[in-house]
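All remarks here apply to the structure that follows.
There are 2 protein chains.
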Amino acid sequence: MEAGRQRQGRLWSNLKEVCDLLHIPSAVSVTTEELLFQHVQFKTGQRIHTIGQPFDTLYIVNSGFLKTVLIDEFGNEQVLSFPMKGDMLGVDGIHTRHYSSEAVALSDCDLILLPFKKLTALGRVHLELENMMYGVMSRELVREQAMIGMLGALSAEARVARFLVTLADRFAHMGYSAKLFNLRMTRHEIGSYLGLTLETVSRTLSAFNEIGLISVDQRTIGIKDAEALKTLRRLPPSRTRAKQLAAAKSKNEAATPAQLLAAM
Amino acid sequence: MEAGRQRQGRLWSNLKEVCDLLHIPSAVSVTTEELLFQHVQFKTGQRIHTIGQPFDTLYIVNSGFLKTVLIDEFGNEQVLSFPMKGDMLGVDGIHTRHYSSEAVALSDCDLILLPFKKLTALGRVHLELENMMYGVMSRELVREQAMIGMLGALSAEARVARFLVTLADRFAHMGYSAKLFNLRMTRHEIGSYLGLTLETVSRTLSAFNEIGLISVDQRTIGIKDAEALKTLRRLPPSRTRAKQLAAAKSKNEAATPAQLLAAM
DNA sequence: CGAGAGGTTGAATAAAGTCAACAAACGTGG
DNA sequence: CCACGTTTGTTGACTTTATTCAACCTCTCG
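If you're matching them up, the sequences are chains Y and S in order.
The opening position of the first sequence corresponds to residue 1 in the UniProt record's numbering, with each subsequent residue numbered one higher.
The opening position of the second sequence corresponds to residue 1 in the UniProt record's numbering, with each subsequent residue numbered one higher.
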């Protein structure tokens, strides 16, 4: 299970470990020791690559959390993604040979370096590597399409709800709890990612907490009703919610998410 | 310049023609006649592929205009892109082996078929083909990132302005006029693409027309002040515009875009 | 020529953003 | 360990932006 081994004070991974990390089925016959990829560690806040920097390597996240951002003409950050274990970074640099986004570590990180030249050269020998690349790039493309769909069509509440569900799924996929986890990013970063202001994110989380869909304590999120979050499109107006809560309280009962959402 | 030749009642293109179309520098030595890719024609309104359909081929647009869309759980279309000459379709199908979006012809179209199996097989022989694939996929990824940035950060007016500028650039790149062109899509489709309602798109175009940035006549758009459109972030409030227009009128002059935008 | 799709415009409404005050957590150095 | 300033998060009041609903117009194409 230990992806990578110590050598010369650094970690290295072989091709099989890389494929496993990317969830790409690999039928590598010879797990040759020649095919080793170096690890690099980054501390919280460090930049992995910046916009415009010459592209030469891709990165795979082995551990830790990051954000990728665009910087617009007047310095405003637009968060594009929150890569974590198994995600690939730097693909946007292939086309122009310069990174078009910036990647920043949100926690201490361990990344695997994939020098692009080496990768394409190896791709001709180990053809699962080539298929891996196509698969990963296509997957990223689909993810971005989903993001565009979300930004184009969903309300603030639906965006936050989906964000939480997606995060929960990713944590589950990594073997962590999908019911209770810590956000690694600020409200501002979430807002930027979702095309909302940090206040709207904060208010929406509070509203979800109020009606019992989640519990919120700073960056600790508890998922209480994943199903409701998945299908949520719009919250009932707050006066309706207040009325329902009051009614429930007067009967000395806790209002259930189901009751509240029925008012939609 | 004629990309494709008649044969058995259909058109075929060789690798060099495909590369040229994609704007990928190709140094193919042997323009072997073995390496031919078939064309297919679609009429306006026809579907190239649908969501969930098994993936096996990529498409390159040789002529015509299309849209790609996602369909959400309750049948609403979300437009993802408006592919035209030189763009590639179907890349989203690689990952899951099923197309994740739907492509529809907005005009009569001529597309080149790239069977994916054949493509990857050839990629091992002609390595510029492999590089082409990486380049095209990375380019598409960067385009989608820009889209996310736009949807996340820009006002309705800025989105419409950028949309027009981008279209103009693409037309110019194809050898058409960047100053005067026809939209191939409805206001509804533009709105969906930009995350706006059709009414907002219509009003914004009218406002741009009113202050002289563009001329609008149904689907015919004339670009009058490309620079202003490129840098536009927000329009001055309409009462200010009304005042300025009235002031200009009283002096018997036409209000210039510069005057109006100075009020920002 | 008439039906239907596409487009424009206005008035009312709802959603999200802005501005501002405050509170809680963090981290650094005394 | 505590005091401090800084960053992050919450909440309220108000404003702005874009949507919704509706009426109406205008092309296009059977």
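Built from N, CA and C at the ideal position, the CB exists for glycine as well.
Taken through DSSP and simplified to helix, strand or coil, Tyr59 (chain S) comes out as strand. Three or more beta-carbon pairs separated by less than 8 Å are not found between the stretch 155 to 165 of chain S and the stretch 108 to 128 of chain S, which leaves the two stretches without contact.
The beta carbon of Leu151 (chain Y) lies closer than 8 Å to those of Arg159, Leu194, Gly195 in the same chain, with the five residues before and after it left out. Asp92 (chain S) counts as buried, since no fewer than 16 other beta carbons sit within 10 angstroms of its beta carbon. The beta strand (DSSP E) runs lying completely inside the stretch 50 to 129 of chain Y and spanning 3 residues or more are 57 to 63, 66 to 71, 77 to 81, 102 to 105, 109 to 115, given in chain order. For Thr220 (chain S), the enclosing beta strand (DSSP E) starts and ends at 220 to 223. The alpha carbon of Ser107 (chain Y) has as its nearest neighbour, out of Y:His49, Y:Ile24, Y:Ser63, the alpha carbon of Y:Ser63. Looking only at S:His23, S:Thr96, S:Gly75, S:Leu232, the smallest Cα-Cα distance to Thr204 (chain S) is reached by S:Leu232.
Chain-ordered, the chain Y residues with CB closer than 7 Å to the CB of His95 (chain S) read Gly135, Ser138, Arg139, Val142.
Val216 (chain Y) is bridged by DSSP to Y:Ile221. When C-alpha distances from His95 (chain S) are compared across Y:Ile24, Y:Glu73, Y:Gly52, Y:Asp87, the shortest belongs to Y:Ile24.
Between Val69 (chain S) and Leu58 (chain S), the gap from beta carbon to beta carbon reaches 8 Å or more. If you draw a straight line from the Cα of Ser155 (chain Y) to the Cα of Arg10 (chain S), it comes to about 47 Å. If you draw a straight line from the Cα of Gly135 (chain Y) to the Cα of Ile190 (chain Y), it is about 27 Å long.
Going by DSSP, Ser13 (chain Y) is part of the beta strand (DSSP E) stretching over 10 to 14.
The stretch 109 to 123 of chain Y makes contact with the stretch 35 to 52 of chain Y, as at least three CB pairs between them are under 8 Å. Leu111 (chain Y) and Val61 (chain Y) do touch by the CB rule: their CB atoms are close to 6 Å apart, below 8 Å. In the three-state reduction of the DSSP assignment, His173 (chain S) falls in the helix class, which pools H, G and I. By the neighbour-count definition (other C-beta atoms within 10 Å, threshold 16), Asp217 (chain Y) is an exposed residue. Look at His23 (chain Y) here: in three-state DSSP terms it is coil, with no helix or strand label. Proximity of Asp72 (chain Y) to chain S, defined by a Cβ-Cβ separation below 8 Å, is satisfied. When only Cα atoms are considered, Ile48 (chain Y) and Lys67 (chain S) end up about 36 Å apart. For Leu194 (chain Y), there is no enclosing beta strand (DSSP E); the enclosing alpha helix (DSSP H) covers residues 187 to 194. Trp12 (chain Y) and Lys85 (chain Y) have their C-alpha atoms spaced approximately 16 Å apart. Leu180 (chain Y): member of the beta strand (DSSP E) spanning 180 to 182, first to last residue. Going by beta carbons, Gln145 (chain S) and Ser101 (chain Y) fall inside the 8 Å limit. Contact check for Met132 (chain S) against Leu22 (chain S) passes: the beta carbons are separated by less than 8 Å.
Bounds of any beta strand (DSSP E) do not take in Leu198 (chain S); it lies within the alpha helix (DSSP H) bounded by 198 to 210.
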